[in-house]
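The structure under discussion appears below in the form of C-alpha cells.
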Ligand code: MTE
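In the numbering used here, the protein residues as written are 234 to 547.
Below you can see the structure in the form of C-alpha cells.
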C-alpha cells in the first residue's frame, strides 16, 4: 500500500500552524492557550502536522473550550463536565490497538507508529449527538479504510467491531455498583460503512493530540451517524461475520439501533430528532437548526443504504 510520508506532502497542503494559533486567539486568547497546555498527555507533545481534506465543512468552528469541556464519556461520569475533570486519570501512553478476527494480517499497532505512518488530515466535521446538540470540530486523523487495508480483511468479514479500554482503576465509571452501561463500551459498523472515506480514526483536534475527555489517544469519528457511534479510546478492532453488539443497543434497543444514522424523520421514542442546538450559539432558548439527513453527508453515504427501510434499521 502506498503511504504518503511527510516528505511526499506538498508544503501547500499543510495547514499552517498560524491558522491554529489564530483560531485559538479567536477562542479566548491566552486563556485558550493555557488550557491547551494543560491537556493530559499533550503537555510538551508536538502539535500534529496535517493536510487539508476536501471533506471538511466551512461552517464556523465550535470553540475549543466547548469541544473539550462539554463531553459524553460515561466511563468518567454522566455529567457533561465530568470527563474533562476525571479523564485525566487515563494513561494514554504507551497505547496499542489490537486488530484481529477475520483478517489476513492481524496486528497490534502502536498509536505513535500509526501517527508516523499515516497521512494525517484535518477533517472539519459536524458531530450530532442523539441528545439534540451539535458541534463543528476540527479533527486530525486518518481514514479508517487505510488501517483496514493494512490488515487485509477476508471475504467472510462483514462487520467491524470496536472496543474501548476496560480499566476500572483509571475509569471511575467502571467502579460503580450501578453501572450505566455494560462495560467495556463497544460499537460496530458494517464493513462498507467502515471503508467509506468519511469514516476516520481521530488522534487530535485543533491541531494538538486528542485530549483525554475526547477519546485520547485514538477514537472513531463517523460524521453521518449520531455521536454515540464515535467510540473513544479504542484498544481493539475486530473483523467479524455477524452484526456485533453495541453498548447502547444492548442497553435500550428500542431507542438506539445498530445503524444510528442521523435521521430527522425518525424520532427518538422520547423526543424529536428534527432540530438541533449548535453548542456555543447561545443558551437553551436560541433558535434550533433543522437537522439534515445523514447529518448533511447524504451525498457521500446515502447509497450505502439504498433499498433499506431506514425506519426499521434506525
Ligand atoms: N465512547 C466511549 N467509550 N464512552 C462514551 O460514553 N460517548 C459517545 C461517543 N463515544 C462515549 C463514547 C457519545 S454519546 C458522544 S455524543 C460522543 O462520544 C461525544 O464525543 P465528544 O465528547 O468528543 O464530543
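Glycine included, each C-beta is placed from N, C-alpha and C at the ideal position. Quick caveat, the model's predicted, so the values are computed rather than measured.
#1: Report all residues from its chain with a CB closer than 6 angstroms to the CB of residue 328; omit the five preceding and five following residues, and keep chain order.
#2: Assign residue 420 to one of two classes, buried (16 or more other C-beta atoms within 10 Å of its C-beta) or exposed (fewer than that).
#3: With C-beta atoms as the reference, is residue 395 less than 8 angstroms away from residue 467?
#4: Can you tell which of 460, 470, 375 and 465 has its C-alpha closest to the C-alpha of residue 489?
#5: From residue 334 to residue 492, what does the alpha carbon distance come to, in whole angstroms?
#6: Taking the Cβ atom as the reference point for each residue, do residue 435 and residue 373 lie within a distance shorter than 8 angstroms?
#7: Excluding sequence positions up to five away, which residues of its chain have a Cβ less than 7 angstroms from the Cβ of residue 375?
#8: Go through the segment 331 to 386 residue by residue and report every complete run of the beta strand (DSSP E) that reaches 3 residues or more, in order.
#9: Could you round the C-beta distance between residue 560 and residue 340 to whole angstroms and report it? I think they count as a contact, below 8 angstroms.
#10: How far does the beta strand (DSSP E) with residue 452 in it extend, from its first residue to its last?
#11: Kindly list the residues whose CB is nearer than 8 angstroms to the CB of residue 293, restricted to its own chain and excluding five residues on each side of it in sequence; keep chain order.
#12: To which residues of the same chain is residue 378 closer than 6 angstroms at the C-beta, ignoring the five residues directly before and after it?
#13: If we ignore side chains and look at the alpha-carbon of each, how far apart do residue 528 and residue 474 end up?
#14: List the whole-angstrom C-beta distance separating residue 448 from residue 299, where the pair is believed to meet the contact cut-off of C-beta under 8 angstroms.
#15: Can you confirm whether the segment 516 to 531 touches the segment 298 to 314 when touching is taken to mean that 3 or more C-beta pairs between the two stretches lie within less than 8 angstroms?
#16: Three-state secondary structure (DSSP) at residue 494?
Reading from the atomic positions:
#1: 344 and 450
#2: buried
#3: Residue 467 is positioned such that its CB atom lies closer than 8 angstroms to that of residue 395.
#4: Per the Cα distances, 460.
#5: 21 angstroms
#6: yes
#7: Sequence-distant partners of residue 375 (beyond 5 residues in either direction) whose C-beta falls short of 7 angstroms from its own C-beta, in its chain, are 351, 352, 353, 354, 433 and 434.
#8: 340 to 343, 354 to 361 and 366 to 376
#9: Absent from the structure is residue 560, since the part of the chain shown begins at 234 and ends at 547.
#10: 452 to 454
#11: Answer for residue 293: 369, listed in chain order.
#12: 428
#13: 28 angstroms
#14: Contact flag wrong, Cβ pair sits at about 16 angstroms.
#15: no
#16: In the structure shown, residue 494 sits in a strand (DSSP, three-state: E or B).
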